[in-house]
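Numbering (my numbering), first residue to last: 2 to 189. All C-beta atoms, glycine included, are put in the ideal place defined by N, C-alpha and C. Here is the structure we will look at, set down as structure tokens.
Set out below in structure tokens:
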């Protein structure tokens, strides 16, 4: 199948992985919503202890990172290899800042004794956001590997499936946060 007739960008195997990951997150989101409906007052109360501003900044960072990833795919198709890995490195900068901010948020919660066993809200907040956090780190590792390969000349306008695969995974991580942020931080 040629590049023009492919149904999905990247390698089909990454899509199996993405589907599995999205299924896990979807199940977790549904369980969260059901438990939240049974504990609305508690969830609303403890939700106010979260920093919406840092959550919003992290949303902007991941969306911006996705923009850079889209640009990397676009330019590699035009055989602009140097631009490809530069855009990937900019996406990595966005991911790094996200990780620093989220790490600070975790530190602030853990330093005052908040943990998975504090209450049901914090169990969900910490487990969902930590699970996503580790996906961001994995996404960054994937983007870094692709950027290094691009820098070494492994990708060009005839061979960019790896760039598309990494981009697809990064977009999945971004999509999950776009759902997770309002679900945990905003919806009351």
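Query	Result
For residue 152, the nearest candidate out of 110, 138, 83 (CA to CA)	83
CB of residue 125 within 7 Å of CB of residue 92, strictly	no
Start and end residues, alpha helix (DSSP H) containing residue 53	53-78
Nearest-angstrom beta carbon gap, residue 105 and residue 47 [assumed within contact, 8 Å]	Not quite, the Cβ-Cβ distance comes to about 19 Å (not below 8 Å), so this is no contact.
Rounded separation between residue 127 and residue 178 - CA only	14 Å
Exposure label - residue 108; buried when at least 16 CB within 10 Å	exposed
Sequence-distant residues of the same chain with beta carbon closer than 6 Å to residue 187, five excluded per side	none
Own chain, CB closer than 7 Å to residue 50, minus 5 neighbours either side, in chain order	none
Check whether residue 182 and residue 56 have beta carbons under 7 Å apart	yes
C-beta atoms of residue 139 and residue 89 nearer than 7 Å	no
Candidates 150, 101, 22, 161, of which the one nearest residue 77 by Cα	161
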